[in-house]
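Taking it in order: structure first as structure tokens, then the write-up.
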Amino acid sequence: MCGRVAVQPEGAALGGVVSGFVAIASVIGAGYVLGRRRLLGGGGREVLTRLAFHVASPALLFETLAGTDLSALLSGHLLVTAASTLAVAGVFAGVAAVRRWSTGYSTVGTLCAGYVNAGNLGIPVAAYVLGDASLMAPVLLLQLLVFTPVFLAVLDSTTSRVGAAPLRRLTSPFRNPIVVGSLAGAAVSASGWTPPEAVLEPFRLLGAMAIPAVLLAFGISLRGSAVLSAGADRGPVLLAVALKGVAHPLVAWALGAGVFGLSGAVLCTVVVTAALPSAQNVFTYATHYDVGVGLAREAVLLSTVVSVPVLLTVAALLG
Numbered sequence: 021m022c023g024r025v026a027v028q029p030e031g032a033a034l035g036g037v038v039s040g041f042v043a044i045a046s047v048i049g050a051g052y053v054l055g056r057r058r059l060l061g062g063g064g065r066e067v068l069t070r071l072a073f074h075v076a077s078p079a080l081l082f083e084t085l086a087g088t089d090l091s092a093l094l095s096g097h098l099l100v101t102a103a104s105t106l107a108v109a110g111v112f113a114g115v116a117a118v119r120r121w122s123t124g125y126s127t128v129g130t131l132c133a134g135y136v137n138a139g140n141l142g143i144p145v146a147a148y149v150l151g152d153a154s155l156m157a158p159v160l161l162l163q164l165l166v167f168t169p170v171f172l173a174v175l176d177s178t179t180s181r182v183g184a185a186p187l188r189r190l191t192s193p194f195r196n197p198i199v200v201g202s203l204a205g206a207a208v209s210a211s212g213w214t215p216p217e218a219v220l221e222p223f224r225l226l227g228a229m230a231i232p233a234v235l236l237a238f239g240i241s242l243r244g245s246a247v248l249s250a251g252a253d254r255g256p257v258l259l260a261v262a263l264k265g266v267a268h269p270l271v272a273w274a275l276g277a278g279v280f281g282l283s284g285a286v287l288c289t290v291v292v293t294a295a296l297p298s299a300q301n302v303f304t305y306a307t308h309y310d311v312g313v314g315l316a317r318e319a320v321l322l323s324t325v326v327s328v329p330v331l332l333t334v335a336a337l338l339g
């Protein structure tokens with residue numbers, strides 16, 4: 021354990037990490053069974069993805085950010101997290117430019133390389149390994165308020181219909197439900213107003229569907245797919261997984277220890293954060309925009325597998 025407050029014994033920390041991965045794998049497995057038996061019909065994945073993108077995720081983001089102190093963005097270790105994320109994302113973007121991959125496809129791959137699963141996996145890992153679940157708040161804010169709007173704006177602009185009015189193309193990011201939910205929640209938090217429970221409860225109920233819907237859709241997408249099968253996605257998938265699973269925590273450690281002089285619990289925090297796998301939200305975005313779906317699916321799956329030994333190693337070495 022490497023948290024500021026050691027609230028769990030080492031065995032409990034290991035158990036917490038394992039239980040987090042088991043929970044995610046179980047829901048994905050349920051989705052795979054649903055897809056294999058076609059219990060939701062031929063369009064089950066698309067329906068779940070649309071539900072998550074247009075309703076559940078915006079509600080979850082609004083409810084989460086409305087109750088989050090935005091001053092967490094001033095966290096000292098967040099600069100290292102941002103710098104390491106931009107570094108590995110920049111490598112993927114550079115390779116994509118050299119190989120002349122499409123902008124939308126490159127955007128999905130860049131997200132796979134740097135966008136961490138700070139929510140449904142990062143929070144339990146922070147609680148059990150770092151000893152403080154609130155350490156994920158700055159990372160969530162950074163991704164939701166900075167990275168997500170930028171990357172979705174790129175996807176909106178590159179996948180919008182040809183001939184769309186310039187004003188419509190320009191304002192498309194601000195009509196994106198994910199961006200709207202995030203910005204609305206941030207605005208409520210910044211205003212200092214605490215919404216009554218009667219207002220928040222519908223968002224809480226709808227938001228509770230977000231993570232299960234995403235994981236079930238992900239599981240359904242695995243039916244009939246072969247991981248790292250021969251094809252155009254193999255190289256980009258391996259690149260994204262190598263950057264996310266290996267390079268990202270190494271860069272975070274090098275920047276934290278060598279450039280910013282971090283040590284102890286703070287250094288452990290930034291490295292553990294960087295070692296988290298690619299977020300399942302990337303798969304939702306890829307499916308919604310119908311670009312890089314195979315890349316997102318395989319990169320998320322493989323980076324999750326790779327992150328298990330990496331996280332345990334980081335906790336053992338820096339704890």
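In the working numbering, the protein residues as written are 21 to 339.
Idealized CB from N, CA, C, for every residue including glycine.
- Among the bridge pairs identified by DSSP, Ser-298 is matched with Val-136.
- Excluding residues up to 5 positions away in sequence, Val-286, Thr-289, Val-290 lie with their Cβ nearer than 6 Å to the Cβ of His-97 in the same chain.
- When DSSP states are grouped into helix, strand and coil, Ala-117 belongs to the helix group.
- Around Pro-78, the same chain offers Pro-197, Ile-198, Val-200, Gly-201 as residues with beta carbons nearer than 7 Å, after the five sequence neighbours per side are excluded.
- By the neighbour-count definition (other C-beta atoms within 10 Å, threshold 16), Thr-333 is an exposed residue.
- Annotation: Pro-215 is outside any alpha helix (DSSP H) and is labelled neither H nor E by DSSP.
- When only Cα atoms are considered, Leu-71 and Trp-121 end up about 29 Å apart.
- When the beta-carbon positions are compared, Leu-296 and Val-136 come within less than 7 Å of each other.
- Here the region 263-274 lies against the region 321-336, with 3 or more beta-carbon pairs under 8 Å apart.
- Excluding five sequence positions before and after Ser-241, the CB atoms of its chain that fall closer than 6 Å to its own CB belong to Arg-65, Arg-317, given in chain order.
- Here the C-alpha atom of Phe-82 lies approximately 18 Å from the C-alpha atom of Val-170.
- Within the same chain, and ignoring the five residues on either side of Thr-324 in sequence, the residues whose Cβ sits closer than 6 Å to its Cβ are Pro-297.
- Taking 8 Å as the upper bound for CB-CB distance, Val-271 and Ala-319 are not in contact here, some 18 Å apart.
- With distances taken between CA atoms, Leu-315 lies nearest to Thr-127 out of Val-166, Ala-294, Thr-127, Ser-209.
- For the pair Ala-230 and His-308, the Cα-to-Cα distance works out to about 14 Å.
- Linking Val-100 to Arg-58 through their CA atoms gives a straight-line distance of about 45 Å.
- Between Gln-300 and Phe-238, the C-beta spacing is below 7 Å.
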